[in-house]
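The letter at position 63 of the sequence shown is residue 63 when you use the UniProt record's numbering, and the numbering goes up by one with no holes. Idealized CB from N, CA, C, for every residue including glycine. Have a look at the structure below before the remarks.
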Amino acid sequence: MAIQLKQQKKGVTQLAIQGELTIYSVLEHKQALSQYLSSAKDIQIDLADVTEIDSAGLQLLMFLKQEALSRDISFSLSQHSEAVVEVLELLNLSKHFGDPIVISADWKSS
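Encoded structure:
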């Protein structure tokens with residue numbers, strides 16, 4: 001589990017999640033990510049290095065989006081990994097987050 005602070009300036013916080021976003025790590029992720037909800041005006045989370053995501057990880061992303069909206073914070077997800085796109089598409093939740101998803105030509109076809 002790793003969360004990298006890529007950039008933080010003028011109220012914009014760019015973070016990257018690396019590794020698994022599963023039930024085994026979601027509590028640590030929640031604690032680490034929630035701290036930014038009190039100081040940022042814009043949170044951008046890079047998901048390129050998420051290797052696995054399950055329903056607990058998805059619930060965390062939904063929680064963060066809801067909390068950001070309730071606090072009038074702009075929230076976006078970017079660089080979705082193949083694992084993240086598969087889960088979002090399987091559960092038809094891409095529109096819920098509203099972020100553009102780029103499908104890589106390098107991904108294996110299912």
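Query	Result
For the region 28 to 81, which segments carrying the alpha helix (DSSP H) assignment without a break, of at least 4 residues, lie completely within its bounds, in sequence order?	55 to 70
If Val87 and Ile101 are in contact, beta carbons under 8 angstroms, what's the gap, nearest whole angstrom?	About 12 angstroms separates the two Cβ atoms, so there is no contact after all.
Return yes when the Cβ of Ala48 is within less than 8 angstroms of the Cβ of Ser25, no when it is not.	no
When DSSP labels each residue in this structure, what does Lys10 get in the three-state scheme?	coil
Measuring alpha carbon to alpha carbon, tell me which of Lys9, Gly11, Gln35 ends up nearest Ile3.	Gln35
Am I right that Phe75 and Ile43 are in contact with their C-beta atoms under 8 angstroms? What's the rounded C-beta distance?	5 angstroms
Give a yes or no on whether the minimum CB-CB distance between Ser55 and chain B is below 8 angstroms.	Judged by its chain identifiers, the structure shown contains no chain B, having just a single protein chain.
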